[in-house]
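Number of protein chains: 2
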Amino acid sequence: MTLKTLDNSLEVLKYFNKENPTWGVRELAKEMDISHSIIYRILATFEKQGFLIQNPETKKYELGLRFLEYGQMVKDKLNLSDFVLPIMINLADTIKESVFLTWLDGTDGVTVEIAESSQTIKFSVSIGTRTPLHIGASCKVIMAYLPEERKKEIMKHGMKRLTPETITDPDEMLADLEKIQQQGWCFSTGEYSHSVFGLGVPLFNSKKEVIASLTIAGPIYRKPTEEKLPDMVNVLQYGAMNIQRYFDQYSFKLYHE
Amino acid sequence: MTLKTLDNSLEVLKYFNKENPTWGVRELAKEMDISHSIIYRILATFEKQGFLIQNPETKKYELGLRFLEYGQMVKDKLNLSDFVLPIMINLADTIKESVFLTWLDGTDGVTVEIAESSQTIKFSVSIGTRTPLHIGASCKVIMAYLPEERKKEIMKHGMKRLTPETITDPDEMLADLEKIQQQGWCFSTGEYSHSVFGLGVPLFNSKKEVIASLTIAGPIYRKPTEEKLPDMVNVLQYGAMNIQRYFDQYSFKLYHE
DNA sequence: CTCAAATGTCTCTATAATAGAACCGTATTT
DNA sequence: AAATACGGTTCTATTATAGAGACATTTGAG
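These protein sequence lines are chains G and R, in that order. Numbering follows this note's numbering, in which position 52 of the first sequence is assigned residue number 52; successive positions increment by one, without gaps. Numbering follows this note's numbering, in which position 187 of the second sequence is assigned residue number 1187; successive positions increment by one, without gaps.
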């Protein structure tokens, strides 16, 4: 029960990403294996509305300023910078690694806030980055607390492999998630990128449904030893507790589905 | 030559703004005077793609996390935080008023970067804010350097009045723009909001076409006296010169039309 | 300099998607 | 308990779209 034209058009938008920020009409048409007439009309309509702009010299299209407006509105709505970000910065200073907040959105986790490590070598990620829920500590710790049927949905949605460490077997994944849920945190190495470790804990809404995660990440050569890991878990859980208190207080009603 | 379905759908998106961040299906249908079936299908399609989310309790729709992604990409593309923002912060510290960068986008100016004043009473605006080009110093100083035919286009597009000070007469506007272009800056009071003054200077691309403006704004009770205005203009123009140098260096090719 | 291939844009019409009224089940209000 | 309002669904006449093809430019190779 969706509009095919709009649905297709939004699909076209997805091709504008960090790797491919600009597209020519025929270039994109070829990539998507769609008639260039169709792509042209879609791009022209987005441009008319300011969602795309066309470079008058190269004639290629790229994202327009309209997104700045909507992006800021979403950011304002989440309202993390006043209370949650300071907690994250504090945490990042204590642990000397980057800390980030990941939001559940459909079958993906979306990075919504970041506190970067002060070290020169650090884990770095853009706000708005989208990652499938089966990859990495920040996402798996969310997935672990989802109802069984949603876990299956997500796995059926496809378990793409990013590195040799990425878990792609459903049974292995379910066992892993079981363990994560029991211990209350997820530690992983090299799943998202081969040189990165991550440690994540879940965050919930007022109905005790998981909606987000708080994660520490850094270069794999600085990963905590087995005896130091419990300390890191403790510090992270303390930060998460403070954020959780804020969520509860302001009845953070944040939806999934 | 545009897709009507997509065009209408993007029009629907525009109703999600700071004042009205959430909409029910029939509520929005009534507001737009369109059948609720149509609105429902549009909203459902946006939701499927993550551009809107539906609160499962209230069933109302609001902006989704997808915009975070696109907003960040546009911000990264502009790449103002490394070089331009420090100049703006420096300027804001010197003058003790807020400084902001406005980008030309069609018939609007869009706020793309801000350095806020350290004073408790200050001019404050969100990134992504859109203002018609005929209103306020930041926008008029851009309009003043546009070709005559585009000035007329913009005025034909409608000169909405925000305050009693807003210029809505085309002839008066043209005379004002003429003066602005000759002096190289625009000082205005109470056009955007009745309690705000603004002082703006233009910024150009490599083809000497105006693409943006740099503006100082503050509460009207702190507006510069006639003898102090030249000093403020100087300081602002010095900051603008530095930014302009950066634009030239990195051949900032930023389109309008 | 010439030719060929590629580009964005536009036109046309069979066809497939949409508009819009009416309807459904549920929740809320009176 | 009746009435109203809501999100969501179904149906079909109508209308917008898909997709091939044409066009004027631009680009790059020979």
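Every residue, glycine too, gets a C-beta built ideally from N, C-alpha and C.
Assuming residue i and residue j are in contact, meaning their beta carbons sit under 8 Å apart, how far apart are those beta carbons, in whole angstroms?
| i | j | result |
| --- | --- | --- |
| residue 173 of chain G | residue 1063 of chain R | Their Cβ separation, rounded to whole angstroms, is 32 Å, which puts residue 173 of chain G and residue 1063 of chain R out of contact at 8 Å. |
| residue 80 of chain G | residue 101 of chain G | 7 Å |
| residue 71 of chain G | residue 1128 of chain R | 7 Å |
| residue 1184 of chain R | residue 1201 of chain R | 7 Å |
| residue 1198 of chain R | residue 1215 of chain R | 6 Å |
| residue 1087 of chain R | residue 1205 of chain R | Actually they do not touch by this definition, with Cβ atoms about 18 Å apart. |
| residue 1207 of chain R | residue 1180 of chain R | With a Cβ gap of about 21 Å, residue 1207 of chain R and residue 1180 of chain R do not count as contacting. |
| residue 167 of chain G | residue 194 of chain G | Between residue 194 of chain G and residue 167 of chain G the Cβ distance is about 14 Å, and since that is not below 8 Å, they are no contact. |
| residue 1068 of chain R | residue 112 of chain G | 6 Å |
| residue 1190 of chain R | residue 1220 of chain R | 6 Å |
| residue 262 of chain G | residue 235 of chain G | Residue numbering for chain G in the displayed model covers 1 to 257; residue 262 of chain G lies beyond these limits and cannot be assessed. |
| residue 126 of chain G | residue 1076 of chain R | 7 Å |
| residue 1085 of chain R | residue 1115 of chain R | 7 Å |
| residue 217 of chain G | residue 98 of chain G | 6 Å |
| residue 1240 of chain R | residue 1188 of chain R | No, residue 1240 of chain R and residue 1188 of chain R are not in contact; Cβ-Cβ is about 17 Å, not under 8 Å. |
Give me the chain R residues within the contact set of residue i, using Cβ-Cβ distance strictly less than 9 Å, ordered along the chain.
| i | result |
| --- | --- |
| residue 115 of chain G | By Cβ distance, chain R contributes nothing, its closest Cβ being about 16 Å from residue 115 of chain G, past 9 Å. |
For chain G, find out if any of its Cβ atoms is closer than 8 Å to the Cβ of residue i; answer yes or no.
| i | result |
| --- | --- |
| residue 1247 of chain R | no |
| residue 1100 of chain R | no |
| residue 1203 of chain R | no |
| residue 1063 of chain R | yes |
| residue 1145 of chain R | no |
| residue 1160 of chain R | no |
| residue 1015 of chain R | no |
In the DSSP output, which residue or residues are listed as bridge partners for residue i?
| i | result |
| --- | --- |
| residue 233 of chain G | In the DSSP output, where bridge partners are listed per residue, residue 233 of chain G has none listed. |
| residue 186 of chain G | G/200 |
| residue 16 of chain G | For residue 16 of chain G, which the question treats as bridged, DSSP gives no partner whatsoever. |
| residue 1170 of chain R | The partner list for residue 1170 of chain R (beta bridge, DSSP) is empty, contrary to what the question assumes. |
| residue 1217 of chain R | R/1098, R/1198 |
| residue 1212 of chain R | R/1103, R/1203 |
| residue 22 of chain G | G/62 |
Which residues of chain R have a Cβ atom closer than 8 Å to the Cβ of residue i, listed in chain order?
| i | result |
| --- | --- |
| residue 48 of chain G | 1002, 1007 |
Any beta-carbon of chain R closer than 8 Å to the one on residue i?
| i | result |
| --- | --- |
| residue 74 of chain G | yes |
| residue 29 of chain G | no |
| residue 138 of chain G | no |
| residue 103 of chain G | yes |
| residue 110 of chain G | yes |
| residue 39 of chain G | no |
| residue 192 of chain G | no |
| residue 10 of chain G | yes |
| residue 214 of chain G | no |
| residue 80 of chain G | no |
| residue 236 of chain G | no |
| residue 135 of chain G | no |
Using the beta-carbon of each residue, which ones in chain G are nearer than 9 Å to residue i?
| i | result |
| --- | --- |
| residue 1044 of chain R | 1, 2, 3 |
| residue 1127 of chain R | 68, 69, 71, 72, 75 |
Can you pull the chain G neighbours of residue i, defined as C-beta to C-beta under 8 Å?
| i | result |
| --- | --- |
| residue 1206 of chain R | Those do not exist, as residue 1206 of chain R stays about 11 Å from chain G at its closest Cβ, beyond 8 Å. |
| residue 1021 of chain R | 73, 77 |
| residue 1018 of chain R | 73, 76 |
| residue 1085 of chain R | Chain G residues near residue 1085 of chain R: none, gap ~15 Å exceeds 8 Å. |
Which residues in chain R sit within 7 Å of residue i, going by Cβ to Cβ distance?
| i | result |
| --- | --- |
| residue 130 of chain G | 1069 |
List, in chain order, every chain G residue whose beta-carbon is nearer than 7 Å to that of residue i.
| i | result |
| --- | --- |
| residue 1156 of chain R | The premise fails here: residue 1156 of chain R is roughly 17 Å from chain G at the closest Cβ pair, so nothing lies under 7 Å. |
| residue 1106 of chain R | 50 |
Is any heavy atom of the ligand MG found at a distance shorter than 7 Å from the C-beta of residue i?
| i | result |
| --- | --- |
| residue 1077 of chain R | For the structure depicted, the ligand MG is absent and the ligand set is empty, with no information on it obtainable. |
As an exercise, report each continuous beta strand (DSSP E) stretch of at least 3 residues that is fully enclosed by the stretch 1106-1132 of chain R, in chain order.
Within the stretch 1106-1132 of chain R, the complete beta strand (DSSP E) segments at least 3 residues long are 1108-1115, 1130-1132, listed from N- to C-terminus.
Can you list, in chain order, the stretches of the alpha helix (DSSP H) that have 4 or more residues and sit fully within the stretch 1052-1098 of chain R?
Correct list: 1066-1078, 1084-1095.
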